[in-house]
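Undergrad:
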């Protein structure tokens with residue numbers, strides 16, 4: 024999928040919502056405790072309830088790996104389910120991978136061939152080597168961590184380089200040379216909206232994947248105000264605020280309501 | 024395992040060799056093409072042939088994830104096999120993970136509880152949040168990327184900060200505040216031995232995990248010369264140089280010979 028196709032989907036659904044499938048079985052409602060594939064059943068119900076309001080889903084690999092090979096199996100089932108039933112959906116593997124060339128190649132194969140993801144999040148510490156192999160897949164995306172939503176982003180990302188620019192800006196400037204608006208996105212947290220405006224200035228065309236709305240305190244309005252470009256250029260993610268808004272047996276219905284709420288806030292900007 | 028126990032094992036075996044299990048089925052000898060668990064069979068044979076000469080094994084997750092849930096299953100089988108047959112071996116998940124607190128917690132659970140690894144490699148870009156949850160496990164280790172062996176380490180790791188120090192030094196200095204020599208190691212590539220000496224100076228006590236010997240061009244002698252401390256303080260990794268030295272049916276025998284060679288180079292320094 025290229026950026027134009029993603030934008031078309033955004034306009035059609037009047038939403039730039041990404042639903043984070045941080046599907047932690049410890050937080051599941053009771054009724055899922057004894058089924059054979061609890062993560063998959065949970066995801067299916069969440070997807071069915073939210074797909075009208077979302078253009079993207081983002082399973083975070085940690086929650087699947089924590090369940091061992093059974094977790095990874097249910098991740099594969101989830102991606103297959105999305106592909107079959109919602110062929111237009113953009114699917115992001117939130118894996119934050121980073122490794123040298125020959126290894127990055129294997130990760131690219133895992134996420135783009137073995138599983139049919141559209142995009143993978145990548146930690147940029149090791150430089151170009153860790154991104155290049157992902158960029159060889161046409162129509163697939165590298166989502167590079169720039170300024171993350173967590174508190175300790177201050178430890179390194181916000182530190183100034185000798186040139187006076189912070190590390191996250193350096194990462195963005197370098198990464199813009201590696202690819203273009205059709206294969207590179209940046210992760211920019213919603214928790215620092217004033218930075219979002221700056222980042223949009225020196226990076227006008229790329230999509231931003233914006234976590235941190237909801238549980239982490241960011242707001243759709245601020246993100247839209249500072250981050251939108253003429254082709255939207257935003258995917259705003261909410262995970263816990265949607266999927267764990269309700270842990271009763273009505274969990275999917277509530278998730279749908281929460282997604283609809285966010286989408287209606289987004290529609291005003293499209 | 025703490026640093027003293029690791030050092031005891033190193034003295035006993037007269038080796039600080041770590042064997043990298045980058046077990047890529049595409050490079051396996053013909054005779055493994057049609058068995059049910061080719062990765063596990065390969066690993067078992069490699070381990071049996073090299074365990075006398077190695078104190079640590081380091082499966083790189085990419086090669087297992089590339090095979091989907093069947094790959095992860097064989098990773099679990101490999102760790103179980105090591106634990107049962109070589110209880111003293113130090114096992115590192117080369118995962119280079121990095122994520123915010125609640126997600127890092129799940130990764131820690133995956134690697135330390137679900138699978139019984141001793142250590143996990145971590146990319147430090149997102150700061151303390153991405154390491155803290157791993158440090159809560161007593162006797163387990165965080166192996167933090169500092170100066171990696173790849174060419175594009177120059178993109179960010181070697182860039183100078185406003186303070187004049189390179190980013191990798193900043194990472195080391197910060198991370199030394201998060202833990203101690205019993206739970207923090209640093210990845211320092213063998214491909215820049217002159218830097219290794221500097222890093223040892225401002226980080227005298229921590230273990231370094233040193234990749235880049237063999238296929239990537241680093242040498243045991245240089246690494247030992249610049250990196251050793253009074254308690255060894257080194258785990259030198261070789262992956263392809265050992266496990267893929269020979270792709271005939273004698274692959275395990277040759278792997279044993281290559282491991283023995285490296286160990287004999289190491290013995291001189293112990």
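Protein chains in written order, with my numbering: chain D, 24 to 293; chain X, 24 to 293.
Cβ atoms here follow ideal geometry from the backbone N, Cα and C, with glycine treated the same way.
#1: Under a CB-based cut-off of 7 Å, is residue 242/D close to chain X?
#2: Closest Cβ-Cβ distance between residue 119/D and chain X: below 7 Å?
#3: At a Cβ cut of 8 Å, what residues of the segment 144-178 of chain X count as close to chain D, listed as they run along the chain?
#4: Whose C-alpha, out of 141/D, 55/D, 131/D and 83/D, is nearest the C-alpha of residue 98/D?
#5: Taking the runs of the beta strand (DSSP E) that are 3 residues or longer, which of them lie wholly in the segment 204-249 of chain D?
#6: Give the straight-line distance between the Cα atoms of residue 287/D and residue 174/D, rounded to the nearest whole angstrom.
#7: With DSSP as the reference, label residue 112/D as helix, strand or coil.
#8: Does the segment 258-274 of chain X touch the segment 224-239 of chain X, meaning 3 or more C-beta pairs lie closer than 8 Å?
#9: Taking C-beta pairs closer than 7 Å, name the residues in chain D that residue 122/X reaches, listed in chain order.
#10: For residue 184/D and chain X, any beta-carbon pair shorter than 7 Å?
#11: Is residue 292/X close to chain D, meaning its C-beta is less than 7 Å from at least one C-beta of that chain?
#12: Is there a Cβ from chain D that is less than 7 Å from the Cβ of residue 126/X?
#13: Put residue 147/X into one of helix, strand or coil per three-state DSSP.
#14: Compare the Cα-Cα distances from residue 102/D to each of 118/D, 172/D, 85/D and 141/D and report the closest residue.
#15: Just grab the DSSP bridge partners of residue 164/X for me.
#16: Can you give the Cα-Cα distance for residue 153/X and residue 272/X, rounded to whole angstroms?
#17: In chain D, which residues lie with their C-beta within 7 Å of the C-beta of residue 92/X?
#18: Mind checking the segment 212-232 of chain D against chain X and listing, in chain order, the residues whose C-beta falls within less than 7 Å of any C-beta there?
#19: At what residue ranges does the segment 84-132 of chain X contain a whole run of the beta strand (DSSP E), taking only runs of 3 or more?
#20: Chain X beta carbons: is any one of them nearer than 7 Å to that of residue 129/D?
#21: Give the range of the beta strand (DSSP E) segment to which residue 82/D is assigned.
#22: Could you tell me whether the Cβ atoms of residue 73/D and residue 117/D are closer together than 7 Å?
#23: Quick one: using the 10 Å Cβ neighbour count with 16 as the cut-off for buried, is residue 56/D buried or exposed?
#24: Is residue 106/D close to chain X, meaning its C-beta is less than 7 Å from at least one C-beta of that chain?
#25: Starting from residue 264/D, trace the alpha helix (DSSP H) in both directions and tell me its first and last residue.
#26: Out of 222/D, 206/D and 111/D, which has the shortest C-alpha to C-alpha gap to residue 164/D?
#27: Quick check on DSSP: helix, strand or coil for residue 189/X?
#28: Ignore the nearest five residues each way along the sequence and tell me which others in residue 225/X's own chain have a CB closer than 8 Å to its CB.
#29: Measure the C-alpha to C-alpha separation of residue 115/D and residue 81/D and round it to an integer number of angstroms.
#30: For a contact meaning CB atoms closer than 8 Å, what does residue 132/D contact in chain X?
#31: List, in order along the chain, the chain X residues whose C-beta lies closer than 8 Å to that of residue 180/D?
#32: Roughly how many angstroms separate the alpha carbons of residue 187/D and residue 113/D, rounded to a whole number?
#33: DSSP has residue 158/X in a bridge; who is on the other side?
#34: With distances taken Cα to Cα, identify the nearest neighbour of residue 66/D among 291/D, 289/D, 265/D and 285/D.
#35: Are there three or more Cβ pairs, one per stretch, closer than 8 Å when the segment 31-38 of chain X is compared with the segment 268-284 of chain D?
#36: When you compare only the Cα positions, how much space is there between residue 239/D and residue 124/X?
TA: This is what the structure holds:
#1: Using a Cβ-Cβ cut-off of 7 Å, residue 242/D does not count as an interface residue toward chain X, since no Cβ of chain X sits closer than that to its own.
#2: Taking CB atoms only, residue 119/D has a neighbour in chain X less than 7 Å away.
#3: Those residues of the segment 144-178 of chain X that come within reach of chain D (Cβ to Cβ, closer than 8 Å) are 146, 147, 148, 149, 150, 151, 152, 153, 168, 171, 172, 173, 174, 175, 176, 177 and 178.
#4: Comparing Cα-Cα distances from residue 98/D to each of 141/D, 55/D, 131/D and 83/D, the minimum goes to 83/D.
#5: Counting whole runs of 3 or more residues, the segment 204-249 of chain D contains the beta strand (DSSP E) stretches 207-211 and 231-233.
#6: For residue 287/D and residue 174/D, the distance between alpha carbons rounds to 29 Å.
#7: If DSSP states are grouped into helix, strand and coil, residue 112/D belongs with coil.
#8: Two segments are said to touch when three or more pairs of C-beta atoms, one from each, lie closer than 8 Å; by this definition the segment 224-239 of chain X touches the segment 258-274 of chain X.
#9: Chain order gives the chain D residues near residue 122/X as 85 and 119, where near means a beta carbon separation below 7 Å.
#10: Closer than 7 Å to some Cβ of chain X, the Cβ of residue 184/D qualifies, so yes.
#11: No, residue 292/X lies away from the interface with chain D (no Cβ there is under 7 Å from its Cβ).
#12: Interface residue, yes.
#13: Coil at residue 147/X, not helix or strand.
#14: Looking only at 118/D, 172/D, 85/D and 141/D, the smallest Cα-Cα distance to residue 102/D is reached by 141/D.
#15: Beta-bridge annotation (DSSP): residue 164/X is paired with 142/X.
#16: Going from the Cα of residue 153/X to the Cα of residue 272/X covers about 42 Å.
#17: Chain D residues near residue 92/X: 92, 95, 96 and 99.
#18: Taking 7 Å as the Cβ-Cβ cut-off, the segment 212-232 of chain D has no residue approaching chain X.
#19: As summarised for the segment 84-132 of chain X, the continuous beta strand (DSSP E) elements at least 3 residues long and confined to that stretch are 113-120, given in chain order.
#20: By this cut-off, residue 129/D is an interface position.
#21: For residue 82/D, the uninterrupted beta strand (DSSP E) segment begins and ends at 79-82.
#22: Against a cut-off of 7 Å, the Cβ pair of residue 117/D and residue 73/D comes out as no contact.
#23: Exposed is the label assigned to residue 56/D, since fewer than 16 other Cβ atoms lie within 10 Å of its Cβ.
#24: With 7 Å as the cut-off, residue 106/D does not count as an interface residue toward chain X.
#25: Looking at the DSSP string, the run of the alpha helix (DSSP H) that includes residue 264/D is 263-266.
#26: The shortest Cα separation from residue 164/D among 222/D, 206/D and 111/D belongs to 206/D.
#27: Of the three classes helix, strand and coil, the one that applies to residue 189/X here is strand, per DSSP.
#28: Within the same chain, Cβ atoms closer than 8 Å to the Cβ of residue 225/X are found at 192, 195 and 196, the five residues on either side in sequence being excluded.
#29: Using only the alpha carbons, I get a separation of about 5 Å.
#30: In chain order: 89.
#31: Counting only Cβ-Cβ distances below 8 Å, residue 180/D has contacts in chain X at 148, 149 and 150, in chain order.
#32: In this structure, the CA atom of residue 187/D is about 36 Å from the CA atom of residue 113/D.
#33: DSSP lists no bridge partner for residue 158/X.
#34: The candidate whose alpha carbon is nearest that of residue 66/D is 265/D.
#35: No, they do not touch.
#36: C-alpha separation (whole angstroms): 12 Å.
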